[in-house]
């Protein structure tokens, strides 16, 4: 009885903190908070890793998918007579609730230019998503669970992986870091390749194609920023070639995972 009551409380908290997160993110630009748009804060710390503005449209998809998860964990869209989930639902709820609170706090820290704090908070979100994705990877999921649970957290995880790297880059810019005398383009290449290694490792560890597609989208946004007239207009060829190389590696990894999964399914 107590377990059911606790689950009901966690369901409500999960929904409320999700609504809070989306509401604050919406108000961040509608008001805007501290008189600054979210993108304006980013633009005030210019760097070569930041993607084109259109790339951030993925937040709309993320919120829609997370809304599906939120409704699903409340009991909607469930198949009648379905077996109990193989994963710990309440644990996922607790971790997602924590990530939503971190996301909400991140907005305020970002808009008030508390960049070190914002990096701590986005790292907190990243850790939460790592835990959720590992738990789901190690579980047997139904078709509905793959769509309503795994897909939302895969897309969210992919974007936050890149966003955390971008946040760290912003902090270095804010601190006036000189990169040990190396050029900005050289350090951007290092960051891009490091991000690629992290991303590919996560793709294979989590056997997660959706995660990889988000990385392709994010790196595509960086490429667009560097090649468009409203961006860097092709000034940094080394960065452009590195981004294309990373996208090619992501795409090859996606194809490999797809073929491996198809082969596994045909044997089942």
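Numbering (our numbering), first residue to last: 2 to 269. Using N, Cα and C, we set each Cβ at its ideal position, and we do this for glycine too. Note that the coordinates shown come from a computational prediction; the quantities given were computed from them, not determined experimentally.
Problem - Rounded straight-line distance, which links the Cα of residue 184 to that of residue 68 - result: 43 Å
Exercise for the section: Using beta-carbon positions only, say whether residue 93 and residue 133 come within less than 7 Å of one another. Expected result: Judged by beta-carbon spacing, residue 133 lies within the 7 Å limit of residue 93, meaning their Cβ atoms are closer than that value.
Problem - Burial state of residue 15 (16 or more Cβ within 10 Å) - result: Residue environment for residue 15: buried (at least 16 other C-beta atoms within 10 angstroms of its C-beta).
Problem - Distance CB(residue 130)-CB(residue 108) smaller than 7 Å - result: no
Problem - Simplified DSSP state of residue 260, which is helix, strand or coil - result: DSSP, reduced to helix, strand and coil, places residue 260 within a helical segment of the structure shown.
Exercise for the section: Determine the direct distance from the alpha carbon of residue 199 to that of residue 7, and round the result to whole angstroms. Expected result: 36 Å
Practice task
Decide if residue 36 is buried, meaning its Cβ has at least 16 other Cβ atoms within 10 Å, or exposed.
Solution key: exposed
Exercise for the section: State buried or exposed for residue 19, treating a residue as buried only when at least 16 other CB atoms are found within 10 Å of its CB. Expected result: Only buried fits residue 19, as 16 or more other CB atoms lie within 10 angstroms of its CB.
Practice task
Return the CA-CA distance between residue 70 and residue 97, expressed in angstroms with no decimal places.
Solution key: Spanning the alpha carbons of residue 70 and residue 97 requires a straight line of approximately 10 Å.
Handout entry: Rounded straight-line distance, which links the Cα of residue 50 to that of residue 11
Key = 38 Å
Problem - Cβ neighbours of residue 207 in the same chain (closer than 6 Å, five flanking residues each side left out) - result: Cβ neighbours of residue 207 within its own chain (closer than 6 Å, five residues either side excluded): 134 and 138.
Practice task
May I have the straight-line CA-CA distance separating residue 168 from residue 258, to the nearest angstrom?
Solution key: 29 Å
Practice task
Could you tell me whether the stretch 224 to 241 touches the stretch 42 to 56, using the rule of 3 or more Cβ pairs below 8 Å?
Solution key: yes
Handout entry: Proximity of residue 116 and residue 75 at Cβ, strictly below 7 Å
Key = no
Problem - Cβ-based burial, residue 146 [other Cβ within 10 Å; buried from 16] - result: buried
Practice task
Go through the stretch 48 to 129 residue by residue and report every complete run of the alpha helix (DSSP H) that reaches 4 residues or more, in order.
Solution key: 59 to 74 and 90 to 112
Exercise for the section: Could you tell me which of 80, 225 and 119 sits nearest to residue 42, measuring between CA atoms? Expected result: 119
Problem - Given residue 241 as reference, the closest of 249, 251, 228 and 252 once Cα atoms are compared - result: 228
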